[in-house]
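Enquirer: Sharing a structure below in structure tokens format, with a few things to ask.
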Amino acid sequence: MLVGLLALPVAFYLRSNSQGGQTAAIVWNILGISDLGLAIVLGMVSQTARLREAAEGVSAGPIGYPLVMIPAFAVPLSLTLHGVSIWQLTRITRRKTSARHNDEVIA
536 MLVGLLALPV
546 AFYLRSNSQG
556 GQTAAIVWNI
566 LGISDLGLAI
576 VLGMVSQTAR
586 LREAAEGVSA
596 GPIGYPLVMI
606 PAFAVPLSLT
616 LHGVSIWQLT
626 RITRRKTSAR
636 HNDEVIA
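When you read off a place in the sequence shown, starting at 1, and then add 535, the result is the number in this note's numbering.
This is the structure:
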């Protein structure tokens, strides 16, 4: 939940073109990727508990099916979006560094 709450402040900080905006955005993306990794681990652990309950005859109920959408689609999509965001941020940083280097060579 913390990663989601930090999304807008980090986006505004990045948009303000402050010195540490890109660094904050990259750190936020890494934090989001680690959060998704934790979600995968917790999902596997809870699924193991659910399988154990099923083996003992306790019904998981009909709520189990829609939850498959989270690990099947939402997590891979979110990982892809975080990866693309990091790629774009590093590309912008390289472009700025290259332009600054070219300006120094010309001057």
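Glycine included, C-beta positions come from ideal geometry on N, C-alpha and C.
Given a cut-off of 9 Å, decide if Leu566 and Val538 are closer than it, judged by their beta-carbon atoms.
Expert: Taking 9 Å as the Cβ cut-off, Val538 and Leu566 qualify as a contacting pair.
Enquirer: Less than 9 Å between CB atoms is the rule here; does Gln557 satisfy it with respect to chain C?
Expert: This model lacks chain C altogether, as it is built from one protein chain only.
Enquirer: Taking the beta carbon of Trp563 as the centre, do at least 16 other beta carbons fall within 10 Å, making it buried, or is it exposed?
Expert: Flag for Trp563 reads buried.
Enquirer: At what residues does the alpha helix (DSSP H) containing Phe505 begin and finish?
Expert: Lying before the first or after the last residue shown, residue 505 is absent from the chain, which here runs from 536 to 642.
Enquirer: Is Gln557 near Ile627, with beta carbons less than 9 Å apart?
Expert: Taking 9 Å as the Cβ cut-off, Gln557 and Ile627 qualify as a contacting pair.
Enquirer: Which same chain residues end up closer than 7 Å to Val545 when comparing Cβ atoms and leaving out the 5 residues on each side of it in sequence?
Expert: Once the five neighbours on either side are set aside, the close Cβ partners of Val545 are Ala559, Ala560, Trp563.
Enquirer: Three-state secondary structure (DSSP) at Glu639?
Expert: DSSP places Glu639 in helix when its eight states are reduced to three.
Enquirer: Does DSSP put Gly555 in a helix, a strand or coil?
Expert: Coil, per DSSP.
Enquirer: Enumerate in chain order the residues of its own chain whose CB-to-CB distance from Ser620 is below 8 Å, with the five nearest sequence positions on each side excluded.
Expert: Ala560, Asn564.
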